[in-house]
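Everything on this sheet refers to the single structure shown next.
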Amino acid sequence: MTRESFHWPRHISEAKAVQENLKDRVKITPLRRSPTVIAGVDAAFLNNKAIGVACLYTYPEITPVEDAYTIAEVTFPYIPGFLSFREGPAIIEALNRLKIKPHVILFDGQGIAHPKRMGIASHIGVILDIPTIGCAKSRLVGEYKDPGARKGKMSSLKYQGKVVGAVLRTKDEVRPVFVSPGHRIDLKASVEIVLNCVSRYRIPEPLRRADFLSKKIKRERLTISR
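Here is the structure:
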């Protein structure tokens, strides 16, 4: 997995062109094999730096195996719908530091549930050519009916007449998450993996740990700089 072979735009016009080019390469297909290791990734920001974190777990046991992180310069501004251009370089570098390559990657963001069907999970999935899943805390696009209140209940997320994801209740009586396939996986497997990664909390464990570590590293860096 490398970032060197992919050019990361610095301007919105170029980023739009990249999304248009990559969206035709997204493949929403059943998994070819059951994963045995998966990773959750996330990023935090400190001034002009991005802290990318990757947390590897066994699957389906959801046992932690390895954590990796990197700190990279941010070269793209914050623009809704273009998250991958801001977080992507640091996340890919963190994934490259894992000793074991994950079979599936979970993202705190969108897959095809995106205005261009190119959320961060789809974008990075295509670049790395690896199955990816978007598991977002909130909706970016689409309409849906509220799913039932019990764990495992879900409803379809539809955008422009097409199902682009699922609104999934991961715990009883808690707010749902928004699951969408990113690349080389379908919605059914995406939902199954997300549900299997949930234990005590609403968010899948690999994503919870990646979020925790990115914020922990940010706090430590802030303390050092004072």
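Numbering follows this note's numbering, with no gaps: position 44 of the sequence shown is 159. Positions of the beta carbon are idealized from the N, C-alpha and C atoms, including for glycine.
Practice task
Compute the Euclidean distance between the alpha carbons of SER295 and GLN275, then round it to the nearest angstrom.
Solution key: 15 angstroms
Exercise for the section: Return helix, strand or coil for THR117, following the three-state DSSP convention. Expected result: Low local confidence applies: a pLDDT of 44 at THR117 is under 50, so the model's placement there is unreliable, and no value is given.
Handout entry: Cβ neighbour criterion (16 or more within 10 Å) applied to ASP244
Key = ASP244 is exposed by the Cβ-count criterion.
Exercise for the section: Report the rounded CA-to-CA distance for ILE239 versus LEU310, giving the unit in angstroms. Expected result: 22 angstroms
Handout entry: Reference PHE200, options GLU208, MET233 and PHE191, closest by Cα
Key = In terms of CA proximity to PHE200, PHE191 leads the group GLU208, MET233 and PHE191.
Practice task
Look at the Cβ atom of GLY167, then the Cβ atom of GLU129, and state whether they are nearer than 8 angstroms.
Solution key: Contact flag unset, no.
Exercise for the section: Examine chain D for any beta-carbon lying closer than 8 angstroms to the beta-carbon of ASP244, and answer yes or no. Expected result: The structure shown contains no chain D; it is built from a single protein chain.
Problem - Inter-residue spacing [alpha-carbon to alpha-carbon] between ALA264 and TYR172 - result: 28 angstroms
Handout entry: Under 8 angstroms between C-beta atoms of ASN163 and VAL189
Key = yes
Problem - Ranges of the beta strand (DSSP E) found wholly within the segment 233 to 269, counting only runs of at least 3 - result: Fully enclosed beta strand (DSSP E) runs of 3 or longer: 247 to 251.
Exercise for the section: Let me know the secondary structure DSSP gives ALA228 once reduced to three states. Expected result: In the structure shown, ALA228 sits in coil (DSSP, three-state: anything other than H, G, I, E or B).
Exercise for the section: Label ILE308 either buried or exposed according to how many other C-beta atoms from any shown protein chain fall within 10 Å of its C-beta, with 16 as the threshold for buried. Expected result: buried
Practice task
Could you check what DSSP says for PHE160 in three-state terms: helix, strand or coil?
Solution key: strand
Handout entry: According to DSSP, residues forming a beta bridge with TYR193
Key = Answer is none; TYR193 lacks a bridge partner.
Problem - Environment of GLU258 [buried if 16+ CB atoms lie within 10 Å] - result: exposed
Practice task
Name the two residues that bound the continuous beta strand (DSSP E) containing SER295.
Solution key: 292 to 298
Handout entry: Span of the beta strand (DSSP E), counted from its first residue to its last, around LEU283
Key = 277 to 283
Handout entry: Close Cβ partners of THR353 (< 7 angstroms) along its chain, the five nearest in sequence each way excluded
Key = No information on residue 353 is available, as it lies outside the stretch 116 to 341 that the chain covers here.
Practice task
Starting from the Cα of ILE318, find the closest Cα among ASN136, SER253 and LYS260 and give me that residue.
Solution key: ILE318 has its Cα closest to that of SER253, out of ASN136, SER253 and LYS260.
Exercise for the section: Could you tell me how far apart the beta carbons of PRO291 and LEU283 are, in whole angstroms, since I believe they sit closer than 8 angstroms? Expected result: 6 angstroms
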